[in-house]
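Sequential numbering of the first sequence, starting at 8, is according to my numbering.
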Amino acid sequence: MNNSDISAAFDELGDLLEFQGANPFRVRAYRNAARTLKDLGEPLATIAANPARKLTDIQGIGADLADKIGVLLATGSLPQLEELRAQTPASVMALMRIPGLGPKKAAVLFKELAIQTLDQLRAACEAHQVQELKGFGKKTEETILAGLPLAAQAEVRLYWAEADVVAQDILRQLRKCQSIAQLEVAGSYRRGRETVGDLDILAVSSQPDEVMDAFVALDGREATLARGDTRMAIRMARGLQVDLRVVLAESFGAALQYFTGSKAHNVILRGMAKDRGLKINEYGVYRGEERIAGATEEEVYEAMDLPWFPPELREARQEFQWAAVGKLPELIELADIRGDLHMHTTYTDGRATLDEMVLAARERGLKYIAITDHSKRVTMARGLDGERLGKQWDEIDQLNATLDGFQVLKGVEVDILERGGLDLPDDVLVRADWVVASVHYGQNQPREQITERIIGALENPYVSAIAHPTGRLINRRKSYDVDLEAVFQVAHKHGKLMELNANPARLDLDDVACAAAKRHGIPIVISTDAHSTDQLDVMRYGIIQARRAGLTKADVANTRTWKQMQKLVGRKQA
DNA sequence: GCCGTTTTCGGCCCGACTGTTTTCAGTCG
């Protein structure tokens, strides 16, 4: 079992225990542990196998959970989990996906009416059995019926890039409301998570009713879910929920901090406040009745002697430890990027010509790009053999002769073949300035085989980097089963780079894996994999993911000049 | 279930909104 399997087991235990009405703090302990283990970046098996180390040194892992990790590693299952599963059909857990139905109400439905599936729940509502239950009523029954279709459709989280379009449109519309003094989108959107489940809008106004009227009038609103004095929630297309919170200017910082989260980050922050005899809520920081901070995020954090945290770091991972020693990383910014080292042209499956890509890259302020069209195995993209590649490289040489202050690198995205090895011979690759290698076929091979293929590519002296190293497509396709730890060790040994693919559907290496690669001393290269000129703009999504990983300008290779890059990858001077 | 320089028991972040309630529980973020 790997870390994410064990993390999933703890998450499931938390869900099942919550449904059983267990102590909520016990439930939280399982969920905290699940989150910590998913972010760990080092295999639990490695720690467990080392007698000099203890699993209980991991924050949130005590004697009990350490034992359970041991059992999971040794046997691949957990008796307690099996037992709980037997008591609670998986379909019952789906009841809790209905908005307004939590563990308590779901348990009542299960115990009183023996409801086990969403279909049975619908029938019970239609027979008006549900409204007779204690704690339920006519309204609850209607809410459940209205929520059934939402629970049936799998929970869809939008790509950050998609959420960004909706968020910017909402901001544009709300800015017309005269009574709004300040406006921000908080939540996981502000933290730059790769997917966003809902949007949290924060507005400063002394006229909450006017703001809410503007909110109701938004183009694209499909339903109003709640409306109170200061809080409101609506649903937009694709089931996207948008929450609005209206606060006074004196509370803006506290509210922005609070609604940006993450929840785990806030729990730690509030615990720190409590230790100091302070209380933090969304209105401010309080000592007794007296408010001592709240107008800005900076003063909220300062009240705890903490620096302002970039939202991307607020995941309760490393940020409080970094802050404690004054070593918060200075995160990379889009303007730091000098070159883009993965893109395609009409030679293969790109939609723009070589000249068009160069012009678009120069317009975006880049100093160099690598053209990395596909190799021949990728037949769907009309991949290049040595001869056609040579023709492209001749064209690049001629083009470079005409360019001033900009360089086009002769590159290729060489396919890592199913049986291992690369799709182009070394005598072709040696002539390239930059080679990215990637897996396109045989993605379902077993872990050892995929890992071996990628390691084989890293051992080729002419390969510069591995592109989209896990192959996942967010919401659509899982990662290959690759042992990244083993890959990183070999990459570091041979001085190779790893790509963070900036395409909003890929974004791999992800934040956790990027941070792990950094610990191995591997430079990250953030690339667009652009197949058209406008796709060069996806670079900003990669930057956000890199920031979430805590990467600085120095950690990202393509913030350097190409000359500096060449020293990094140990290739010949052009 | 975790945690500890007030510590090995008794805490564990905090408030808004809804619906079902005559004062609060459940859900949500």
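Built from N, CA and C at the ideal position, the CB exists for glycine as well.
- In the assembly as shown, residue 387 is an exposed residue. Its beta-carbon has fewer than 16 other beta-carbons within 10 Å.
- Annotation: residue 562 to residue 568 spans about 14 Å, alpha carbon to alpha carbon.
- By the C-beta density criterion, residue 59 is exposed, having fewer than 16 other C-beta atoms within 10 angstroms.
- For residue 234, the enclosing beta strand (DSSP E) starts and ends at 230-234.
- Excluding five sequence positions before and after residue 88, the CB atoms of its chain that fall closer than 7 Å to its own CB belong to 16, 19 and 20, given in chain order.
- Close CB contacts of residue 279 within its chain, under the 6 Å cut and outside five residues either way in sequence, are with 311 (chain order).
- Annotation for residue 256: 188, 189, 211 and 302 place their beta carbon closer than 8 Å to its own, counting only its chain and skipping 5 residues before and after.
- By the neighbour-count criterion, in which a residue is buried when 16 or more other Cβ atoms sit within 10 angstroms of its Cβ, residue 498 is buried.
- Where residue 275 is concerned, there is no enclosing beta strand (DSSP E), although the alpha helix (DSSP H) around it starts and stops at 270-282.
- Residue burial annotation: residue 260 is buried, with at least 16 other C-beta atoms found within 10 angstroms of its C-beta.
- For residue 57, there is no enclosing beta strand (DSSP E), since its DSSP letter is neither H nor E.
- Residue 125 sits away from residue 116, with the two beta carbons spaced by 8 Å or more.
- In terms of Cα proximity to residue 308, the closest of 133, 420 and 326 is 326.
- When beta bridges are read from the DSSP output, residue 240 appears opposite 233 and 250.
- For residue 210, there is no enclosing alpha helix (DSSP H); the residue is part of the beta strand (DSSP E) that begins and ends at 205-211.
- For residue 219, the enclosing alpha helix (DSSP H) starts and ends at 215-223.
- Residue 202 carries a strand assignment under DSSP once its states are collapsed to helix, strand and coil.
- The continuous stretches of alpha helix (DSSP H) do not include residue 391, and DSSP gives it neither H nor E.
- Contact check between the region 43-53 and the region 20-31: fewer than three CB pairs, one atom from each, fall below 8 Å, which does not count as touching.
- When DSSP states are grouped into helix, strand and coil, residue 559 belongs to the strand group.
- Residue 294 sits in a strand when the DSSP states are folded into three classes.
- Comparing alpha-carbon positions, the option among 362, 466 and 448 lying closest to residue 478 turns out to be 448.
- The region 313-331 and the region 501-508 do not touch, with fewer than 3 CB-CB distances between them shorter than 8 Å.
- The Cβ atoms of residue 511 and residue 265 do not sit closer than 8 Å to each other.
- In the DSSP annotation of this structure, residue 417 is not part of any alpha helix (DSSP H); the continuous beta strand (DSSP E) holding it starts and ends at 414-422.
- Distance from the Cα of residue 420 is smallest, within the candidate group 494, 183, 392 and 409, for 392.
- Non-local beta-carbon contacts of residue 317 in its own chain, meaning distances under 7 Å to residues more than five positions away in sequence, involve 338 and 554 in chain order.
- In terms of Cβ geometry, residue 80 and residue 40 do not form a close pair [threshold 8 Å].
- The continuous stretches of beta strand (DSSP E) do not include residue 487, and DSSP gives it neither H nor E.
- A direct Cα-Cα distance of roughly 14 Å separates residue 345 from residue 549.
- Apart from the 5 residues on each side of it in sequence, residue 54 sits with its Cβ closer than 7 Å to the Cβ of 60 and 62 in its chain, given in chain order.
- Ranked by Cα distance from residue 542, the first of 128, 193 and 358 is 358.
- Per DSSP, the continuous beta strand (DSSP E) segment holding residue 192 begins and ends at 189-192.
- The DSSP-derived three-state label of residue 444 is strand.
- Remark: C-beta atoms of residue 522 and residue 556 approach each other more closely than 8 Å.
- In this structure, the alpha-carbon of residue 207 lies about 39 Å from that of residue 377.
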